[in-house]
Amino acid sequence: MIRYILQRLGESAVVIALMSFVIYALIGLMPGDPIDLMINSDPRLTPADAARLRAVYGLDRPLVDRYLSWAAAAIGGDFGNSRLHVRPVLDVMPGFLLNTVKLMGLSFVLSVAIAIPAGVIAARRQNSRLDHAINLLCFAGISVPVFWLALMLIILFSVMMPILPASGIASVGGGGGLWDAARHLVLPVATLTIFSVGSYTRFVRAAMIEVLRQDYIRTARAKGAGPSRIVWVHALRNAMIPVVTVIALSFGTLFSGALITETMFAYPGMGKLIYDSIMGNDYNIALVTLLFATAVTLAANLLADLAYAWLDPRISYASGEGARP
Amino acid sequence: MTEVLRPATPPEGMLMLFARRFADHRLALASLVVLLGLALLATAAPMAEWALGVSANSVNLTMRFAPPSLAHPLGTDELGRDLLVRLLYGGRVSLLVGIAAALASAVIGTVIGLLAGYYGGKLDALLMRLTDGVIALPLLPLLIVLAAVDLTKIGLPAELARDADVSLYRMVTIIALVSWTTVARLVRGATLSVREREFVLAAAACGAGPLRIMTVHILPNVVSPIIVATTLSVGNVILLESVLSFLGLGIQPPIASWGNMLTGAQELIWSAPQLVFWPGALIFATVIAFNFLGDGLQDALDPRAITR
Numbered sequence: 001m002i003r004y005i006l007q008r009l010g011e012s013a014v015v016i017a018l019m020s021f022v023i024y025a026l027i028g029l030m031p032g033d034p035i036d037l038m039i040n041s042d043p044r045l046t047p048a049d050a051a052r053l054r055a056v057y058g059l060d061r062p063l064v065d066r067y068l069s070w071a072a073a074a075i076g077g078d079f080g081n082s083r084l085h086v087r088p089v090l091d092v093m094p095g096f097l098l099n100t101v102k103l104m105g106l107s108f109v110l111s112v113a114i115a116i117p118a119g120v121i122a123a124r125r126q127n128s129r130l131d132h133a134i135n136l137l138c139f140a141g142i143s144v145p146v147f148w149l150a151l152m153l154i155i156l157f158s159v160m161m162p163i164l165p166a167s168g169i170a171s172v173g174g175g176g177g178l179w180d181a182a183r184h185l186v187l188p189v190a191t192l193t194i195f196s197v198g199s200y201t202r203f204v205r206a207a208m209i210e211v212l213r214q215d216y217i218r219t220a221r222a223k224g225a226g227p228s229r230i231v232w233v234h235a236l237r238n239a240m241i242p243v244v245t246v247i248a249l250s251f252g253t254l255f256s257g258a259l260i261t262e263t264m265f266a267y268p269g270m271g272k273l274i275y276d277s278i279m280g281n282d283y284n285i286a287l288v289t290l291l292f293a294t295a296v297t298l299a300a301n302l303l304a305d306l307a308y309a310w311l312d313p314r315i316s317y318a319s320g321e322g323a324r325p
Numbered sequence: 326m327t328e329v330l331r332p333a334t335p336p337e338g339m340l341m342l343f344a345r346r347f348a349d350h351r352l353a354l355a356s357l358v359v360l361l362g363l364a365l366l367a368t369a370a371p372m373a374e375w376a377l378g379v380s381a382n383s384v385n386l387t388m389r390f391a392p393p394s395l396a397h398p399l400g401t402d403e404l405g406r407d408l409l410v411r412l413l414y415g416g417r418v419s420l421l422v423g424i425a426a427a428l429a430s431a432v433i434g435t436v437i438g439l440l441a442g443y444y445g446g447k448l449d450a451l452l453m454r455l456t457d458g459v460i461a462l463p464l465l466p467l468l469i470v471l472a473a474v475d476l477t478k479i480g481l482p483a484e485l486a487r488d489a490d491v492s493l494y495r496m497v498t499i500i501a502l503v504s505w506t507t508v509a510r511l512v513r514g515a516t517l518s519v520r521e522r523e524f525v526l527a528a529a530a531c532g533a534g535p536l537r538i539m540t541v542h543i544l545p546n547v548v549s550p551i552i553v554a555t556t557l558s559v560g561n562v563i564l565l566e567s568v569l570s571f572l573g574l575g576i577q578p579p580i581a582s583w584g585n586m587l588t589g590a591q592e593l594i595w596s597a598p599q600l601v602f603w604p605g606a607l608i609f610a611t612v613i614a615f616n617f618l619g620d621g622l623q624d625a626l627d628p629r630a631i632t633r
């Protein structure tokens, strides 16, 4: 088991190293470069000054050279400064990260709390009207463009019925306290929850239908266990195994949803930080935040596989190549 | 002689069975009708322009935010352009990009899946690691970076890089580059099982080369998961295209797409909410229709899914 984890961690490290180079190269291909920005802010700079600055910052060196010196500094813990925030990258990130954890965490808990009962009920009454209604809602949630959903919620609850704030995390002037912060979270959390709950419900429903067909469910019924006990105790436990895995594997999708949600509601989280840094030529932030998002997604995938083995004792990754779900 | 060797069930029977099972899925059937209607309307966009006597890109600042009228059935936008005609042209772009990128990713996925499943061994391990790697990437941030790349820096002439038509090809390319993974996995899985069947061994014994075995003998047998996955991915591609275009990184104006018609919509939510409603509602309807269509195709093509 330990060997398996170490091997996976090694693979993830390779992926992150490769990604860091790809992202570094891609960011160099984005419009504008740091020297152009300096020239724009100080018109007195001559072309000769620009060339000198390029040399000072090493921008005239080949891509691989520049990448290697960035990587060497990064391994030493120095990720450079943010251009827009004028602070070291690592000082900027924690606040944004905390906001994203709040947003994603709340939406995740809410989605799961809705998806489990909805999916179980749909599976128990397969092909009933209720099942069809739940199915329709799931498809709606999966198919709605998140940015448009956010706009519609803002129009409904901030413009037509002005009861909720449309952006930010606190009212201007501050001092709103916990109640104010909670009010600002309602629309973003609702948006992200609607986005994720549909697919979660479909995972739960599919897994429950599969499990309810198994022989041991018939055994439980034969020995006289009541229908609710069979569903909520015998079946749900085993149905959760694939569900946990698929939900963990869909972490990247949830994060993409969070990026759009944060951008729409001007919510200062990691997604908005990534978007703003790419749009604002804040190279150091863009690099580190993109790599961070990759690392977290890889970690979620690894946890998904480990949880699969831990929840289902029949699966073992210990001997050689483990079959991935 | 050849008459005797024909399969026991004629192909018509299979098609009938498929059609009957597909028709059982009423939402899929309704979705097919909706999509055909949308495609027809989008194709007829120039006719709508002609009938209404307006043009999609003609700016008329005296007619900004006009309410619905006979000349402008859905009113006009912030530049006085006819909303209905622009929605129809936007539909062309969104459907075209969606279908083109889904087909392109199906081709990439099929090639990778066939190679991995047929050859197995090291090639399989390498290709599947690549697939796992791409699946594990945070998709949207990566697409934003890819869409923001300045094409002049990779050697494209400036006038070409700023050409609006190029943004169409670029969208199709970058979306196809990241969304082939589902098809690759499905095709690989199906290939692994088909590879061991007698008719493949027979073909190999008759001297068929790997290319012929993969394309003539295996591909027709793995085609149903490809069709289902591709249909489902059209919806996803349209969502990705719309969000990138909304952010100003996708389809570039003056070409209308449902996504870029919403760019700047945040300023319109007070003054003209109807302008915000329509493009998004059409994206929503199209995506949900493709998802239902894929669901219906899955039920009709996959014999194990009868118990839906």
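In order, the protein sequence lines correspond to chains G and E.
This note's numbering puts the first sequence at residues 1 to 325.
This note's numbering puts the second sequence at residues 326 to 633.
No residue lacks a Cβ here, since even glycine has one placed at the ideal position from N, Cα and C.
Roughly how far, in whole angstroms, is the beta-carbon of E/P604 from the beta-carbon of G/G252, given that I think they are within contact range, below 8 Å? By one-based count along the second sequence, residue 604 of chain E stands at place 279. By one-based count along the first sequence, residue 252 of chain G stands at place 252. With 8 Å as the limit, E/P604 and G/G252 do not qualify as a contact, their Cβ atoms being about 26 Å apart.
Give the straight-line distance between the Cα atoms of G/D36 and E/L471, rounded to the nearest whole angstrom. Numbered from 1 along the first sequence, position 36 holds the residue referred to as residue 36 of chain G. Numbered from 1 along the second sequence, position 146 holds the residue referred to as residue 471 of chain E. Whole-angstrom Cα-Cα distance: 21 Å.
Compare the beta carbon distance of G/L298 and G/S12 with 8 Å and say whether it is the shorter of the two. To locate residue 298 of chain G, count along the first sequence from 1; it is residue 298. To locate residue 12 of chain G, count along the first sequence from 1; it is residue 12. Their beta carbons are under 8 Å apart, which means G/L298 touches G/S12 by this criterion.
Taking C-beta pairs closer than 9 Å, name the residues in chain G that E/D475 reaches, listed in chain order. Position 150 of the second sequence, counting from 1, holds the residue named residue 475 of chain E. Correct list: L29, M30, P31 and G32.
Three-way DSSP call (helix, strand, coil) for G/P88 in this model: Taking the first sequence and counting its residues from 1, the one referred to as residue 88 of chain G is at position 88. In this structure, G/P88 counts as strand in the three-state DSSP scheme.
In or out: G/S41 buried (at least 16 other Cβ within 10 Å) or exposed? Here residue 41 of chain G refers to the residue found at position 41 of the first sequence. Exposed, because fewer than 16 other Cβ atoms sit within 10 Å of the Cβ of G/S41.
Residues bridged to E/D407 by DSSP? Here residue 407 of chain E is taken as the residue at index 82 of the second sequence, counted from 1. DSSP lists E/T401 as partners of E/D407.
Under 8 Å, Cβ to Cβ, is there at least one residue of chain E near G/M188? Along the first sequence, one-based indexing puts residue 188 of chain G at 188. Checking the displayed sequence, the identity of residue 188 of chain G turns out to be Pro instead of Met. It does not; no Cβ of chain E falls within 8 Å.
Taking all protein chains shown into account, decide if E/F524 is buried (16 or more other Cβ within 10 angstroms of its Cβ) or exposed. Walking along the second sequence from the start, residue 524 of chain E turns up at place 199. By the neighbour-count rule (16 or more Cβ atoms within 10 Å), E/F524 is not buried but exposed.
Spatial distance of E/R520 from E/L526 (CA atoms): On the second sequence, position 195 is the one that residue 520 of chain E refers to. On the second sequence, position 201 is the one that residue 526 of chain E refers to. Taking the straight line joining both Cα atoms gives about 8 Å.
Could you tell me the alpha carbon to alpha carbon distance between E/I631 and G/R213, rounded to whole angstroms? Within the second sequence, the letter at position 306 stands for residue 631 of chain E. Within the first sequence, the letter at position 213 stands for residue 213 of chain G. With a pLDDT of only 43 at E/I631, under the threshold of 50, the placement of this residue in the model should not be trusted, and no figure is reported.
Short-range partners of chain E found in the region 128 to 158 of chain G, where Cβ spacing is below 9 Å: H132, N135, L136, F139, A140, I142, S143, V144, P145, V146, F147, W148, L149, L151, M152, I154, I155 and S158
Residue-level contact to chain E via CB, G/G252, 8 Å cutoff: Position 252 of the first sequence holds residue 252 of chain G. Yes, contact with chain E.
May I have the straight-line CA-CA distance separating E/R513 from E/G442, to the nearest angstrom? Along the second sequence, one-based indexing puts residue 513 of chain E at 188. Along the second sequence, one-based indexing puts residue 442 of chain E at 117. Their Cα atoms are separated by approximately 4 Å.
Have a look at E/V557 and E/V432 and give me their C-alpha separation to the nearest angstrom. Within the second sequence, the letter at position 232 stands for residue 557 of chain E. Within the second sequence, the letter at position 107 stands for residue 432 of chain E. Correcting the residue identity first, residue 557 of chain E is Leu in this sequence and not Val. Computed Cα separation, rounded: 15 Å.
CB contact check: E/S567 to chain A, cutoff 8 Å: Absent here is chain A; the protein component of the structure consists of chains G and E.
Coarse secondary structure for G/N281, derived from DSSP in three states: Here the question's residue 281 of chain G lines up with position 281 in the first sequence. Here G/N281 sits in coil by DSSP.
Suppose the cutoff is 6 Å on Cβ atoms and the five residues either side in sequence are ignored; what does the same chain contact list for E/D449 look like? For the purposes of this step, residue 449 of chain E is identified with residue 124 of the second sequence, where counting begins at 1. The residues are A441.
Is G/N81 helix, strand or coil when you go by DSSP? One-based indexing of the first sequence puts residue 81 of chain G at position 81. Strand, per DSSP.
Can you pull the chain G residues whose beta carbon is under 7 Å from the beta carbon of E/P463, in chain order? In the second sequence, the residue the question calls residue 463 of chain E occupies position 138. Within chain G, the residues near E/P463 are G252, F255, S256, A293, T294 and T297.
Considering only C-alpha positions, which residue in the set G/A123, G/V146 and G/A17 is nearest to G/L254? The residue labelled residue 254 of chain G in the question sits at position 254 within the first sequence. If we check each option's Cα against that of G/L254, G/V146 comes out closest.
Give the straight-line distance between the Cα atoms of G/R54 and E/E484, rounded to the nearest whole angstrom. Working through the first sequence from its first residue, we reach residue 54 of chain G at position 54. Working through the second sequence from its first residue, we reach residue 484 of chain E at position 159. For G/R54 and E/E484, the distance between alpha carbons rounds to 27 Å.
Local conformation of G/N127 per DSSP, three classes: Along the first sequence, read from residue 1 onward, the residue named residue 127 of chain G stands at position 127. Coil, per DSSP.
Please say whether G/F265 and G/P188 have beta carbons closer to each other than 8 Å? Mapped onto the first sequence, residue 188 of chain G falls at position 188. Mapped onto the first sequence, residue 265 of chain G falls at position 265. Yes; because the gap between Cβ atoms is below 8 Å, this pair is in contact.
Whole angstroms are fine: how far does the CA of G/I260 sit from the CA of E/M453? Translated into positions along the second sequence, residue 453 of chain E becomes position 128. Translated into positions along the first sequence, residue 260 of chain G becomes position 260. Roughly 30 Å between the two C-alpha positions.
Going by Cα to Cα distance, which pick from E/T611, E/D624, E/D627 and E/Q623 is closest to G/I142? Your numbering for residue 142 of chain G matches position 142 in the first sequence. With distances taken between Cα atoms, G/I142 lies closest to E/T611.
Relative to the alpha-carbon of E/A511, which residue among E/V384, E/S430 and E/A606 has its alpha-carbon at the smallest distance? Numbered from 1 along the second sequence, position 186 holds the residue referred to as residue 511 of chain E. Here residue 511 of chain E turns out to be Leu, not Ala, going by the sequence shown. When only C-alpha atoms are compared, the closest one is E/S430.
Looking at the C-beta of G/N99, does it have a partner C-beta in chain E at a distance below 8 Å? Residue numbering aside, residue 99 of chain G sits at position 99 when the first sequence is read from its first letter. Chain E, which has no Cβ nearer than 8 Å to the Cβ of G/N99, makes this no.
Kindly indicate which residue of G/T294, G/M270 and G/A123 has the alpha-carbon position closest to the one of E/L467. Against the second sequence, residue 467 of chain E aligns to sequence position 142. When only C-alpha atoms are compared, the closest one is G/T294.
For the region 491 to 505 of chain E against the region 529 to 547 of chain E, do three or more pairs of beta-carbon atoms, one drawn from each stretch, fall closer than 8 Å, so that the two count as touching? no
In three-state DSSP terms, what is E/N546? Position 221 of the second sequence, counted from the start, is the residue given in the question as residue 546 of chain E. Correct three-state label for E/N546: helix.
Buried or exposed for E/G619, going by 16 or more other Cβ atoms inside 10 Å? To locate residue 619 of chain E, count along the second sequence from 1; it is residue 294. Buried: at least 16 other Cβ atoms inside 10 Å.
For E/T456 and E/A509, I'd like the C-alpha separation in whole angstroms. One-based indexing of the second sequence puts residue 456 of chain E at position 131. One-based indexing of the second sequence puts residue 509 of chain E at position 184. Each residue's Cα considered, the two are about 8 Å apart.
Starting from G/F195 and walking both ways along the alpha helix (DSSP H), at which residues does that stretch end? For the purposes of this step, residue 195 of chain G is taken as residue 195 along the first sequence, with counting starting at 1. Run containing G/F195: G177 to L212, per the alpha helix (DSSP H) assignment.
Give the interface partners of G/L26 over in chain E, defined as CB-CB distance under 8 Å, in chain order. Translated into the one-based positions of the first sequence, residue 26 of chain G becomes position 26. Here the neighbours are V470, L471 and V474.
Same chain only: Cβ atoms within 7 Å of E/A344, ignoring 5 sequence neighbours per side: Against the second sequence, residue 344 of chain E aligns to sequence position 19. So no residue of the chain qualifies.
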